[in-house]
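A.B. asks: In this text, residue positions in the sequence shown follow my numbering: the first is 8, and each later residue adds one. Virtual Cβ for every residue (Gly too), placed ideally from N, Cα, C. All of these numbers come straight from a predicted model, not from anything done at the bench. First the structure, then my questions, so here it is.
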Amino acid sequence: MIKANLNFSKLPQRYLFLDIAKRVAAYSEKHPGADIIRMGIGDVTKPLVPAVIEAMHKAVDDCAASDTFHGYGPERGYLWLREAIVKGDYAPLGVKMDADDIFINDGAKSDTGNIGDILAPGTVVGITDPVYPVYVDTNLMRGNVIKYITCSAENGFTGDIPKEKLDVIYLCYPNNPTGAVITRSKLKQWVDYALEAGALIMYDSAYEAFIRNADIPHSVYEIEGARKCAIEFRSFSKTAGFTGVRCGYTVIPQELMVKDESGQPVNLNALWERRQSCKFNGASYISQRGALAVYSEKGRAQTRATIDYYLETARIIRMNMEELGLEPQGGENAPYIWAKTPNGITSWDFFDELLNKAQVVVTPGSGFGPAGEGYFRITSFADRQRTIEAMERIKNMIKLA
Ligand code: PLP
């Protein structure tokens, strides 16, 4: 008899956002025509910028003629995109990066979920809590051991450095869901811990484009020693509205080593290349051409303007949450606002109340992990006017209660 991977039974029954969608669908069915404002999802709403559209149209035209047609691309992604990343994302930070440290992918979700393929099963993994659910779920699927690192207001939502020895640590800054950012000195503590413990940091900086404060690190590699202990994930999804286009990249420095069972060093960059060339056939030529356009002068200015729009929406949300005394976090250098539920009610109770009484959808904090209980997340990706209306509805509901 064929047996299923029983590790799946350790997962929550449904992916968080499916659970939310189900509740919203049930409400809509009962209340046809209800005007629901969705402040819960992490998808962007602004269209692609003109520089990207132009580049992608041109790429489609390339594929229409046999002498410029592109089929399967190189395993690591096109060199012109990897070189643009080195020059555009890392050189300005003073970080030395080689194009062969970079692997282009179809977005950060796949690689943050798949990266465990190159590590031994049973790895002890430290995951900040609350957290983007993909790290937890994919490690549970592999049968890995998960240790939660609690992130709270007391530690600035950046977790205390563990006393125990962990093999892998997932960090995400600017953070989803809390919107917290990490200081250079705190990130250095994490890198120092990893170097000393022989641990590997998985650094997800999918939201780095939202950083506006010059003191906040954009990359883990801004910290000395990180090339020996960290993998970094980045994405064009939130940087340039590529949630539907699909393109991102993973950095695995060529000097990054782990050990095999007999203690012999193993090169992770080489292992990942082997894994990708076996299981992945690349992001499309059209997506990669679109991503390249993000680094053009026009592309930079246009994508920055889009992010500025979201950041202004985030400021408005944060201000309203402050007015309600809900102690908001984030919303500055990040698209997410993390706030306390009123009167300490549970995250799901608040979600239901808001849906039923105000027809506003937020994300319940407990869906991101145990430490998220008593919080909720609002995103700044919705339309500005709809967001303002949602704020009014939330305020009216809480004031009337
Ligand atoms: N990492 C974080 C923290 C995210 O919030 C998301 C998406 O919401 C992703 C990665 C995945 O993004 P994508 O696969 O679109 O690049």
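(1) Could you check if H225 is buried or exposed, using at least 16 other CB atoms within 10 Å of its CB as the buried criterion?
(2) At a threshold of 7 angstroms, does S226 count as lining the ligand PLP (C-beta to nearest heavy atom)?
(3) What residues are listed by DSSP as bridge partners for P371?
(4) Would the C-beta of D244 count as close to the ligand PLP, meaning under 7 angstroms from any of its heavy atoms?
(5) Measure the Cβ-Cβ separation of N274 and D108 and say whether it is below 8 angstroms.
(6) Helix or strand or just coil, what does DSSP make of G306?
(7) Could you check which residue in L278, T157, I293, Y180 has the C-alpha nearest to that of V252?
(8) Going along the chain, which residues of its own chain have a beta-carbon closer than 6 angstroms to the beta-carbon of A237, five neighbours each way excluded?
(9) Between C254 and I405, is the Cβ-Cβ spacing less than 8 angstroms?
(10) At a cut-off of 7 angstroms, would you count D211 as near the ligand PLP, judging by its Cβ distance to the nearest heavy atom?
(11) Which residue's Cα is closest to the Cα of Y256: A115, H38, P19?
(12) To the nearest angstrom, how far is it from the Cα of S242 to the Cα of A221?
(13) In this structure, how does DSSP classify R296 when only helix, strand and coil are distinguished?
(14) Taking only the alpha-carbon atoms, compute the straight-line gap between S284 and A11 and give it to the nearest angstrom.
(15) Return the CA-CA distance between E268 and T130, expressed in angstroms with no decimal places.
(16) Would you say the beta carbon of A115 is closer than 7 angstroms to some non-hydrogen atom of the ligand PLP?
(17) Is the distance from the Cβ of I43 to the Cβ of S35 below 8 angstroms?
(18) Among E399, H77, L13, which has the Cα closest to the Cα of G289?
(19) The alpha helix (DSSP H) spanning Y200 covers which residue range?
(20) Is the closest heavy atom of the ligand PLP to the C-beta of C179 under 7 angstroms?
(21) Find the nearest neighbour of M398 within the set G379, I323, T348, A341, judged by alpha-carbon distance.
(22) Quick one: Cα of F249 to Cα of A346, how far?
(23) Indicate whether T370 and P184 have their beta-carbon atoms separated by less than 8 angstroms.
(24) Just the Cα atoms here: how many angstroms apart are N340 and V198?
(25) Give the range of the alpha helix (DSSP H) segment to which S35 is assigned.
(26) Please report the straight-line C-alpha distance between K286 and N403, rounded to a whole angstrom.
(27) Distance, Cα to Cα, D356 vs T246?
(28) Taking one C-beta from the stretch 140–154 and one from the stretch 116–125 each time, how about it: are there three or more such pairs within less than 8 angstroms?
(29) With a threshold of 7 angstroms (Cβ to nearest heavy atom), would T119 be considered close to the ligand PLP?
(30) Could you tell me the alpha carbon to alpha carbon distance between E82 and V93, rounded to whole angstroms?
(31) Between N327, A365, I156, which has its C-alpha nearest R400's C-alpha?
(32) Please determine, among D96, A98, V141, G133, the residue with the shortest C-alpha to C-alpha distance to S117.
(33) If we require 4 or more residues per run, which alpha helix (DSSP H) segments fall completely within the stretch 220–278?
(34) Give me the Cα-Cα distance between P335 and Y97, rounded to the nearest whole angstrom.
(35) For Y177, write down the residues that DSSP places opposite it in a beta bridge.
(36) Considering only the alpha carbon of each residue, which of E239, R234, F240, S244 lies closest to E262?
C.D. replies: According to the data block:
(1) Translated into positions along the sequence shown, residue 225 becomes position 218. H225 comes out buried.
(2) Start at 1 with the first residue of the sequence shown, and residue 226 comes out as number 219. Checking the Cβ of S226 against the ligand PLP gives no.
(3) Sequence index remark: in the sequence shown, residue 371 carries index 364 (1-based). F383.
(4) Counting from 1 along the sequence shown, the entry for residue 244 is found at position 237. Per the sequence shown, residue 244 should be read as Ser rather than Asp. At least one heavy atom of the ligand PLP is nearer than 7 angstroms to the Cβ of S244, so yes.
(5) As a working mapping, residue 274 is identified with position 267 in the sequence shown. As a working mapping, residue 108 is identified with position 101 in the sequence shown. The answer is no: Cβ separation not under 8 angstroms.
(6) By one-based count along the sequence shown, residue 306 stands at place 299. If DSSP states are grouped into helix, strand and coil, G306 belongs with the helices.
(7) Within the sequence shown, numbered from 1, the residue matching residue 252 stands at position 245. For the residues L278, T157, I293, Y180, the minimum Cα distance to V252 belongs to I293.
(8) Along the sequence shown, one-based indexing puts residue 237 at 230. Within the same chain, A237 has close Cβ partners I208, Y210, V227.
(9) The residue labelled residue 254 in the question sits at position 247 within the sequence shown. The residue labelled residue 405 in the question sits at position 398 within the sequence shown. Cβ atoms of C254 and I405: not closer than 8 angstroms.
(10) For the purposes of this step, residue 211 is taken as residue 204 along the sequence shown, with counting starting at 1. Checking the Cβ of D211 against the ligand PLP gives yes.
(11) Start at 1 with the first residue of the sequence shown, and residue 256 comes out as number 249. Minimum Cα distance to Y256 is reached at A115.
(12) Position 235 of the sequence shown holds residue 242. Position 214 of the sequence shown holds residue 221. Cα-Cα distance, rounded: 21 angstroms.
(13) Numbered from 1 along the sequence shown, position 289 holds the residue referred to as residue 296. Three-state result, R296: helix.
(14) Numbered from its first residue, the sequence shown carries residue 284 at position 277. Numbered from its first residue, the sequence shown carries residue 11 at position 4. About 26 angstroms.
(15) The residue you call residue 268 lines up with position 261 of the sequence shown. The residue you call residue 130 lines up with position 123 of the sequence shown. Cα to Cα, the separation comes out at about 12 angstroms.
(16) For the purposes of this step, residue 115 is taken as the residue at position 108 of the sequence shown. Yes - the ligand PLP has a heavy atom lying nearer than 7 angstroms to the Cβ of A115.
(17) As a working mapping, residue 43 is identified with position 36 in the sequence shown. As a working mapping, residue 35 is identified with position 28 in the sequence shown. Contact flag set, yes.
(18) In the sequence shown, counting from the first residue as 1, residue 289 sits at position 282. The residue with the shortest Cα to Cα distance from G289 is H77.
(19) On the sequence shown, residue 200 is found 193 positions in, with the first residue counted as 1. Element bounds for Y200: 191–204.
(20) Within the sequence shown, numbered from 1, the residue matching residue 179 stands at position 172. Within the cutoff, so yes.
(21) Against the sequence shown, residue 398 aligns to sequence position 391. Ranking G379, I323, T348, A341 by Cα distance to M398 puts I323 first.
(22) Within the sequence shown, residue 249 is the residue found at index 242, counting from 1. Within the sequence shown, residue 346 is the residue found at index 339, counting from 1. Near 27 angstroms, if we compare the C-alpha coordinates of A346 and F249.
(23) By one-based count along the sequence shown, residue 370 stands at place 363. By one-based count along the sequence shown, residue 184 stands at place 177. Yes, they are a contact pair.
(24) Here residue 340 refers to the residue found at position 333 of the sequence shown. Here residue 198 refers to the residue found at position 191 of the sequence shown. If you take the alpha carbons of N340 and V198, they lie about 22 angstroms apart.
(25) Position 28 of the sequence shown, counted from the start, is the residue given in the question as residue 35. Looking at the DSSP string, the run of the alpha helix (DSSP H) that includes S35 is 23–37.
(26) Here residue 286 corresponds to residue number 279 of the sequence shown, with the count starting at 1. Here residue 403 corresponds to residue number 396 of the sequence shown, with the count starting at 1. Their Cα atoms are separated by approximately 51 angstroms.
(27) Along the sequence shown, one-based indexing puts residue 356 at 349. Along the sequence shown, one-based indexing puts residue 246 at 239. Taking the straight line joining both Cα atoms gives about 33 angstroms.
(28) yes
(29) Residue mapping note: residue 119 aligns to position 112 of the sequence shown, counting from 1. Flag set: Cβ of T119 near the ligand PLP.
(30) Taking the first residue of the sequence shown as position 1, residue 82 is located at position 75. Taking the first residue of the sequence shown as position 1, residue 93 is located at position 86. Approximately 18 angstroms between the Cα atoms of the pair.
(31) Numbered from its first residue, the sequence shown carries residue 400 at position 393. If we check each option's Cα against that of R400, A365 comes out closest.
(32) Translated into the one-based positions of the sequence shown, residue 117 becomes position 110. Of the candidates D96, A98, V141, G133, the one whose C-alpha sits nearest the C-alpha of S117 is V141.
(33) 244–247
(34) As a working mapping, residue 335 is identified with position 328 in the sequence shown. As a working mapping, residue 97 is identified with position 90 in the sequence shown. Rounded to whole angstroms, P335 to Y97 spans 31 angstroms at the Cα level.
(35) Taking the first residue of the sequence shown as position 1, residue 177 is located at position 170. Y177 is bridged to I134, M209.
(36) Sequence index remark: in the sequence shown, residue 262 carries index 255 (1-based). Closest by alpha carbon: R234.
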